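Below you'll find the structure, written out as structure tokens, and then a few comments.
Protein chains in written order, with our numbering: chain A, 121 to 313; chain B, 35 to 208.
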């Protein structure tokens, strides 16, 4: 399924969720669904899922969505086990599987076509994991995915979106991006004292 | 210096310092130099939630996510884990200016020699690596040094900068 269409469907049900996204998914998500509660988790590849876990533990009443990459998750596979053990009920972990390191020349990931991320998540201890190759079944299932008690893993087998990605690394790594996110998340935090 | 103040830091005192600094979460990969004195007691401390990690750099990101939520955390690991995590420290803690607080056990440190002269390579290079990266560190070598922990954490969060607390000797039980 096309990444832009899948993300448009997710944006329609996103509500006030915090969305952590990695690399190509972060660029696509920001184009499709710009929002102050979007956090690009880049700089150290593979850390999106762990950032999402920290947010999920810190704000247990807020839905935390991570748009992980397949190459990114391979770089931090142990995070599946850590997340499953911590068991945040508010964490929805998408694995955006395009089979390549898209931001680094589109070289294939190890195990392309054979690695099964949903199976890995289940084996790690996630209570729910599923895989979607077509848009319609994904759209139909999205409301259920949003309601499930997590951690939930959903692998999305994706092709590139129709619009070429704008690789705006200044936005991705800029201090303003994180400052804007901090300002936005502050409205969700309980007041101290 | 009296005998008590030159003794190795006690795990119970370190735990009290973490709690005093407002720490709620400890992310950790076990380290034999802190295992008995710190990590096992900490795992039974109801005021702290222990998140056991598969790999140390996960902890940097978890602490970062918690910091966005105004929740304080520390990452406990061995110096080899810190070395393995330097890219995450570089990116998340330094360039993204997140208050990542790290407790680092220096397994193999020769306590008779200055830290920079210890024979163990993985220990000897740690201060130099941190200096090269511009990461502040505090050496916690004795009981009296435990008093440095809470202020170091407070400063890290106040300035949104990382700090490494180098546990220079095996942490004592109790």
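Idealized CB from N, CA, C, for every residue including glycine.
Given the structure is predicted, the values throughout are model-derived calculations rather than measurements.
CB contact below 8 Å: residue i versus chain B
i	result
residue 79/A	Within the shown structure, residues of chain A are numbered from 121 to 313, placing residue 79/A beyond reach of any answer.
residue 171/A	yes
residue 181/A	no
residue 196/A	yes
residue 298/A	yes
residue 132/A	no
residue 302/A	yes
residue 174/A	yes
residue 191/A	no
residue 167/A	yes
Chain-order list of residues whose beta-carbon lies under 8 Å from that of residue i (same chain, five-residue window excluded)
i	result
residue 136/A	157, 182, 183 and 308
residue 118/B	89, 90 and 91
residue 129/A	255, 258, 259 and 262
residue 147/B	153
residue 229/A	190, 191, 194, 219, 220, 221 and 235
Range covered by the alpha helix (DSSP H) that runs through residue i
i	result
residue 293/A	289-293
residue 216/A	First-last for residue 216/A: 211-217, but that is the beta strand (DSSP E), not the alpha helix (DSSP H).
residue 248/A	That residue, residue 248/A, is in no alpha helix (DSSP H); its beta strand (DSSP E) goes 248-252.
residue 259/A	255-267
residue 53/B	45-54
residue 240/A	237-244
residue 229/A	Where residue 229/A is concerned, there is no enclosing alpha helix (DSSP H), given that its DSSP letter is neither H nor E.
residue 134/A	No alpha helix (DSSP H) contains residue 134/A, which DSSP labels as neither H nor E.
residue 254/B	Since the first and last residues shown for chain B are 35 and 208, residue 254/B lies out of range.
residue 151/A	143-152
residue 275/A	Taken as a continuous stretch (DSSP letters only), residue 275/A belongs to no alpha helix (DSSP H), being part of the beta strand (DSSP E) at 272-277.
residue 201/A	198-206
Cβ-heavy atom distance, residue i to the ligand NAP, below 7 Å
i	result
residue 163/A	As far as ligands go, the structure on display features none, and thus does not contain the ligand NAP.
Residue i at chain A interface by Cβ criterion, 8 Å
i	result
residue 163/B	no
residue 78/B	no
residue 27/B	Here chain B has residues from 35 to 208 only, and residue 27/B is not among them.
residue 96/B	yes
residue 188/B	no
residue 126/B	yes
residue 155/B	no
residue 73/B	no
residue 193/B	no
Residues near residue i by beta carbon distance below 7 Å, same chain, minus five either side
i	result
residue 207/B	45, 70 and 71
residue 84/B	60, 62, 76 and 77
residue 195/A	165 and 166
residue 128/B	167, 168, 169 and 196
residue 206/A	173 and 177
residue 297/A	160 and 291
residue 64/B	73
residue 186/B	172, 197 and 199
Range of the contiguous beta strand (DSSP E) that encloses residue i
i	result
residue 122/A	Element bounds for residue 122/A: n/a, residue is neither H nor E.
residue 97/B	Unbroken run through residue 97/B is the alpha helix (DSSP H), 90-102; no beta strand (DSSP E).
residue 222/A	Looking at the DSSP string, residue 222/A is not in any beta strand (DSSP E), and its letter there is neither H nor E.
residue 189/A	184-189
residue 160/A	158-160
Cutoff 6 Å; reference residue i; Cβ partners in own chain excluding five residues on either side
i	result
residue 170/B	197
residue 36/B	Bear in mind that the predicted position of residue 36/B carries a pLDDT of just 47, short of 50, making it too unreliable to give a figure here.
residue 42/B	203 and 206
residue 222/A	144
residue 132/B	98, 101 and 126
residue 266/A	133
Inter-residue CB distance, residue i and residue j (contact presumed, cutoff 8 Å)
i	j	result
residue 99/B	residue 172/A	7 Å
residue 215/B	residue 139/B	Chain B is shown from 35 up to 208; residue 215/B falls before or after that span and cannot be answered.
residue 219/A	residue 190/A	7 Å
residue 248/A	residue 272/A	5 Å
residue 188/B	residue 55/B	6 Å
residue 209/A	residue 269/A	5 Å
residue 137/B	residue 110/B	4 Å
Uninterrupted beta strand (DSSP E) stretches inside the segment 162-191 of chain B (no shorter than 3 residues): The qualifying runs are 170-174.
Please go through the segment 104-138 of chain B and give each complete alpha helix (DSSP H) segment of 4 or more residues, from N-terminal end onward. List check, alpha helix (DSSP H) in window: 113-118.
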